[in-house]
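**Q** The structure under discussion is supplied below as structure tokens; questions concerning it will follow.
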Amino acid sequence: MEVVILAAGQGKRMRSVLPKVLQPLAGRPLLAHVLASARSLGARRICVVHGHEGEVVRSKLDAPDLVWVEQSPQLGTGHAVLQAVPHLSDQAQVLVLYGDVPLIGVHTLMRLMDAAGRDRMALLTVELSNPVGYGRILRDGAGRVTRIVEEKDATSDERRVHEINTGILVAPAARLRDWLGRIGNDNAQGEYYLTDVIGLAVGDGMVIVTVAPDDVSETLGVNSKEQLATLERTFQASMARRLMDAGVTLIDPLRINVRGELLCGSDVEIDINCIFEGRVELGDGVVVGANCVLRDARIGNGTRVAPFSYLDGTATGEECVIGPFARTRPGTVLANGVHIGNFVEIKNSNIADDSKANHLSYIGDADVGARVNIGAGTITCNYDGVNKYRTEIDDDAFIGSDTQLVAPVRIGRGATIGAGTTLTRDAPPDQLTVSRTRQKSHMGWARPVKKGE
């Protein structure tokens, strides 16, 4: 089986400099969804027919398993498939897909391919109560497909037909090559329609079968930002159902956005307005509070992420508490029982078991031992304007509030750093280290007042 994906459309109604097939749906380009379906089928070859801003599309999605074919000028869907024909094997069955129809399901495509077998043509069709704008499937008195007529070329009787063409089909490559060479452009658009091969196939005695999709939404294309938004909600609703079927508690399934891959253990709870990007793994019993963003994160069993937290490139152990209003950046690794609290930012740091930074701190490029307490307002000064340096804090250290740790620096095991300290040299273990100016009170001092008062 080989696949041709038509992705040459400009998408003028998008009113965007971004090519239509690169418009994002659930965090990935439309075309990426179609490519994923084709790959899931085990296609031997995937040809992508590109046109408008084709090099931009290719630069974003190129891969070793793809053959890129340019359509220029763009003279219709039949002309587009014809550009891919030289790259197809005559012995193959060819599946034609569309780069702006992103929700097509693998199960539906497998049924379509099974219906086609090795020597038949199979069409994906659907019944619509309002088929305006779509090509109609025409059948004879015995119910056999005879041809497809585009709405602009249809008679008033033909427009009353509710079975429409989705454009997705499977056909033998050698026969498809022959039919495409015989189609004309005598129609309202002056284009070479792929649908015209149906009439030629019938004339040659080809058996044509039809298959309906598992869900109508699988066949919906995108031509405007409004349609893109509609498909986004369709996708997210489907994802929410799958999560709940797997046992995930969603406080409101209408208010979740998965823009990548979300893997959940048992008894996971997700509150409203959470966004998951990239690959996110939530262990057993994880609770994610409202309005959180998790990107490329692995969250250990029993961890609680409080509302308004942002976790990016982060891995945690078990029974951690993060947030509210916490931010962890790439390279953050938290062990078991770690607490990261209000307005704390962690970056490229390792924090061992049962350590805490509960308030208003920045920990960057640091290795923090076990059972360390980091007081409010602590900052690791890790950047000199050119280079980054690491801070090392050994087990059982206590860092007082409003402390600046000027890296590279090491704090020994069990050390205490007094509040307000600016640490520029290593602190020895099991000792109190303080750096403060002497406190003074000035008698007779008065605050300045505005002139004229």
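Our numbering puts the first residue of the sequence shown at 3, with every later residue one more than the last. Glycine is no exception: its CB is placed at the ideal position from the N, C-alpha and C atoms.
1. Distance check for residue 307 and residue 327, CA to CA, integer angstroms please.
2. Residues bridged to residue 314 by DSSP?
3. Where does residue 80 sit, in a helix, a strand or coil, going by DSSP?
4. With distances taken Cα to Cα, identify the nearest neighbour of residue 404 among 20, 386, 425, 415.
5. Measure the Cβ-Cβ separation of residue 240 and residue 268 and say whether it is below 9 angstroms.
6. Does DSSP classify residue 237 as helix, strand or coil?
7. Based on DSSP bridge pairs, tell me the residues matched to residue 210.
8. With 16 as the cutoff for other CB atoms within 10 Å, does residue 181 come out buried or exposed?
9. Quick check on residue 184: buried or exposed, where buried means 16 or more other Cβ atoms within 10 Å of its Cβ?
10. Assess, as a yes-or-no matter, whether the region 4 to 22 is touched by the region 41 to 54 under the definition of 3 or more beta carbon pairs within less than 8 angstroms.
11. Return the first residue and the last residue of the beta strand (DSSP E) that residue 369 is part of.
12. Could you spell out where the alpha helix (DSSP H) holding residue 118 opens and where it closes?
13. Using DSSP bridges, identify the partner residues of residue 379.
14. Rounded to the nearest angstrom, what separates residue 366 and residue 397 at their Cα positions?
15. Tell me which residues share the same chain as residue 237 and place their Cβ nearer than 6 angstroms to its Cβ, disregarding the 5 neighbours each side in the sequence.
16. For residue 200, which of 126, 16, 214, 411 has the nearest alpha-carbon?
17. Can you look up residue 429 in the DSSP assignment and give me helix, strand or coil?
18. Residue 173 by DSSP, collapsed to three states: which one?
19. Please report the residue range of the beta strand (DSSP E) in which residue 359 lies.
20. Leaving aside the five residues before and after residue 418 along the sequence, list all residues of the same chain whose C-beta is less than 6 angstroms from its C-beta, in chain order.
21. Looking only at its own chain, which residues have a Cβ that is under 6 angstroms from the Cβ of residue 260, when we skip the five neighbours before and after it?
22. Exposed or buried, what is residue 83 when buried is set at 16 or more other beta-carbons lying within 10 Å of its beta-carbon?
23. Could you tell me the distance, in whole angstroms, from the CA atom of residue 243 to the CA atom of residue 160?
24. Assign residue 228 to buried or exposed, taking buried as 16 or more other Cβ atoms, counted over all protein chains shown, within 10 Å of its Cβ.
25. Given this structure, state the Cα-to-Cα distance separating residue 305 from residue 446, to the nearest angstrom.
26. So residue 488 is in the beta strand (DSSP E); what residue range does that whole segment cover?
27. Between the region 185 to 197 and the region 139 to 156, do three or more beta carbon pairs fall short of 8 angstroms?
28. Determine, using beta carbons only, whether residue 266 and residue 293 come nearer to each other than 9 angstroms.
29. Would you check if there are 3 or more beta carbon pairs closer than 8 angstroms linking the region 99 to 113 to the region 70 to 77?
30. In the region 144 to 207, which residue ranges form an unbroken beta strand (DSSP E) of at least 3 residues, counting only runs that do not cross its ends?
31. In the DSSP assignment, find the unbroken alpha helix (DSSP H) run with residue 56 in it and report its ends.
32. Along the beta strand (DSSP E) that carries residue 336, what are the first and last residues, could you check?
**A** On the basis of the supplied data:
1. Straight-line measurement puts the Cα of residue 307 at about 10 angstroms from the Cα of residue 327.
2. BP columns for residue 314 point to 297.
3. Here residue 80 sits in helix by DSSP.
4. Proximity to residue 404 across 20, 386, 425, 415 peaks at 425, based on C-alpha coordinates.
5. No. Outside cutoff.
6. In the three-state reduction of the DSSP assignment, residue 237 falls in the helix class.
7. Paired residues: 123.
8. With 16 or more Cβ atoms within 10 Å of its Cβ, residue 181 is classed as buried.
9. It is exposed - the Cβ of residue 184 has fewer than 16 other Cβ atoms within 10 Å.
10. With a cut-off of 8 angstroms, the region 4 to 22 and the region 41 to 54 count as touching, because enough Cβ pairs lie within range.
11. According to the DSSP assignment, residue 369 belongs to the beta strand (DSSP E) that extends over 368 to 370.
12. Unbroken alpha helix (DSSP H) run through residue 118: 108 to 118.
13. Paired residues: none, contrary to the question.
14. Here the alpha carbon of residue 366 sits roughly 18 angstroms from the alpha carbon of residue 397.
15. Answer for residue 237: 28, listed in chain order.
16. Here the closest residue by C-alpha is 126.
17. Correct three-state label for residue 429: strand.
18. The answer is strand: DSSP assigns residue 173 an E or B state.
19. Where residue 359 is concerned, the enclosing beta strand (DSSP E) stretches over 358 to 361.
20. 400, 434, listed in sequence order.
21. Excluding sequence neighbours, residue 260 sits near 241, 278.
22. Residue 83 comes out buried.
23. When only Cα atoms are considered, residue 243 and residue 160 end up about 38 angstroms apart.
24. So residue 228 counts as exposed.
25. When rounded, the distance between both Cα atoms is 55 angstroms.
26. Since the first residue of the chain shown is 3 and the last is 455, residue 488 is not available in this structure.
27. Cβ pair count under 8 angstroms is three or more, so yes.
28. Taking 9 angstroms as the Cβ cut-off, residue 266 and residue 293 do not qualify as a contacting pair.
29. The answer is no - the region 70 to 77 does not touch the region 99 to 113, with fewer than three Cβ pairs under 8 angstroms.
30. If we require 3 residues or more, the beta strand (DSSP E) runs fully inside the region 144 to 207 come out as 147 to 151, 165 to 174.
31. For residue 56, the enclosing alpha helix (DSSP H) covers residues 56 to 63.
32. Unbroken beta strand (DSSP E) run through residue 336: 334 to 336.
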